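Trainee:
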Amino acid sequence: MGVVVNGEFMELPERVVFVSDMLRHFDIHEKVVVVEINGEVLTRVEHQSTRLSEKDRIEIVHFVGGG
Amino acid sequence: MLKIGSLSFQSRLLLGTGKYPSFEIQREAVEVSEAEILTFAVRRMNIFEPSQPNFLEQLDTQKYTLLPNTAGAKTAKEAVRIAKLAKASGLCDMIKVEVIGCDQTLLPDPIETLKATEELVKEGFIVLPYTSDDVVLARKLQEVGCHAVMPGASPIGSGQGIINPINLRFIIEQAVVPVIVDAGIGAPADAALAMELGADGVLLNTAVSAAKDPVKMAKAMKLAIEAGRLGFEAGRIEKKKYATASSPKEGMSIG
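So the sequence lines, in the order shown, correspond to chains A and B. Under the working numbering, the residues of the first sequence are numbered 1 to 67, in order. Under the working numbering, the residues of the second sequence are numbered 1001 to 1255, in order.
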């Protein structure tokens, strides 16, 4: 399925169905990340239950050093 | 005791986590500072390099209260979005509203800051807006329900210290929520002065992270803030035009 992740278009493999699958695919499922799909911010529990769709605009963010 | 919203803290130093020479130095600086509140920024993750080390992973997040900022936002809408992203991590309810209105001075946009603060208060966040030292704006931020107000001492990262102590004093006198002096602190003396003026806390980053010895500076800032607070509580003497002798005039053996 073709989606846009952090501004970049990419193809995700078929086994990626839920947001949690995508995080595993990128090997960031154990990190503190927050996902936003088409402008909707997901809580951590919603990662398991939220399905991805063709052309989704996905943002994956995390905490970095800052003042 | 510093009380912000429903939370209480022993330390009055809030420490930023940006631009340290290494994670090791940063970890040590955070530890000796005894800060309980640490600020962070929210950024896109580089998903192609997931093994990149992240300071947050090295922290005991139970031990610290995370204060994410909305740095990068130029409008209230962007700030609210960043705040929601931060909260969705499940690690924090606090947010430092930072809406920059001028790229050169990094001074905040007062109107967007006020709008974002109002909306985030309604959304249930504990809201700490970074603001200029504008006395009326500080009051209006409190009127919309912010939980602390954070006037800058001078431009972010400039290290110029407190350039308008009068305004800070006015903000502190009128405040009904904690006042945390945020940005522009350079030396321990600046932090002590902020506390002597009656501030409830100081938020700084570059003054420690870019010091020649960040760990030693973290300690110096901790002590300066404690000294400044004690001085404020003790109540300094009034300034007089002429000298007054400390030793008694009676019983002198000469003359």
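Where a beta carbon is used, it is the ideal one built from N, C-alpha and C, also for glycine. Quantities reported herein were computed from a predicted structural model and do not represent experimental measurements.
1. I'd like the list of long-range same chain contacts for residue 1155 of chain B, defined as Cβ closer than 8 Å, with 5 residues on each side in sequence excluded.
2. Kindly examine the ligand FAD and report whether one of its heavy atoms sits closer than 8 Å to the Cβ of residue 1131 of chain B.
3. By the DSSP assignment, the alpha helix (DSSP H) with residue 1233 of chain B in it spans what residues?
4. Would you say residue 1094 of chain B lies against chain A (beta-carbon separation less than 9 Å)?
5. Considering just the uninterrupted stretch of the beta strand (DSSP E) at residue 1024 of chain B, what are its terminal residues?
6. Give the list of continuous beta strand (DSSP E) stretches no shorter than 3 residues that lie fully inside the stretch 1081-1110 of chain B.
7. Are the CB atoms of residue 1204 of chain B and residue 1016 of chain B within a distance shorter than 9 Å?
8. Since residue 1044 of chain B is in the beta strand (DSSP E), which residue starts that stretch and which ends it?
9. With 7 Å as the C-beta to C-beta threshold (strictly closer), list the residues of the stretch 1041-1056 of chain B near chain C in chain order.
10. Report the residue from B/1222, B/1187 and B/1226 whose alpha carbon sits nearest the alpha carbon of residue 1212 of chain B.
11. Locate the alpha helix (DSSP H) running through residue 18 of chain A, then write down its first and last residues.
12. Compare the beta carbon distance of residue 1149 of chain B and residue 1171 of chain B with 9 Å and say whether it is the shorter of the two.
13. Please confirm whether residue 1175 of chain B and residue 1138 of chain B have their CB atoms less than 9 Å apart.
14. Buried or exposed for residue 1048 of chain B, going by 16 or more other Cβ atoms inside 10 Å?
Mentor: Well, looking at it:
1. 1105, 1106, 1107, 1183 and 1184
2. Absent from the structure shown: the ligand FAD. Ligands present: none.
3. 1214-1234
4. no
5. Where residue 1024 of chain B is concerned, there is no enclosing beta strand (DSSP E), although the alpha helix (DSSP H) it sits in stretches over 1023-1033.
6. 1094-1097
7. yes
8. 1037-1044
9. This model lacks chain C altogether, as its protein chains are A and B.
10. B/1187
11. Premise fails: residue 18 of chain A is in no alpha helix (DSSP H) and is neither H nor E.
12. yes
13. yes
14. exposed
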